[in-house]
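Residue numbers (my numbering): 26 to 127.
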């Protein structure tokens, strides 16, 4: 297992499986990035705010697919969510995730 996989999870996470489980799509990019275009119905919580909003996500009681521009911030976000007992995967970058959702 490579260092990036160890830190951020495998890039081959089964997005379809999480969608079937009713997962929330979480956009962890900045406000301006989100406003420039996002995945339909994505919940927007910038990665910098995520630590303060964990309870908000826990209350949704659903798995989470996090995404950002490249997959780095969403990797950090999914690790943080997992460490707080939330079933989460790194969906990677927005372009890659959009292709998987089609």
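Where is the CB? At the ideal position from N, CA and C, for every residue including glycine.
Asked: Can you look up residue 100 in the DSSP assignment and give me helix, strand or coil?; Found: helix
Asked: Quick one, which of 50, 103, 63 has its alpha-carbon nearest residue 73's?; Found: 103
Asked: With 16 as the cutoff for other CB atoms within 10 Å, does residue 106 come out buried or exposed?; Found: buried
Asked: Is residue 114 helix, strand or coil when you go by DSSP?; Found: strand
Asked: Can you give, in chain order, each stretch of the alpha helix (DSSP H) that sits fully within the segment 45–107 and has at least 4 residues?; Found: 56–60, 72–75, 79–85
Asked: Could you name the residues of the same chain whose beta carbon sits closer than 6 angstroms to that of residue 63, not counting the 5 residues immediately before and after it, in chain order?; Found: 52
Asked: If I measure Cβ to Cβ from residue 66 and keep anything under 8 angstroms in the same chain, skipping five residues before and after, which residues do I get?; Found: 50
Asked: Using only CA atoms, which one of 48, 71, 114 lies nearest to residue 57?; Found: 71
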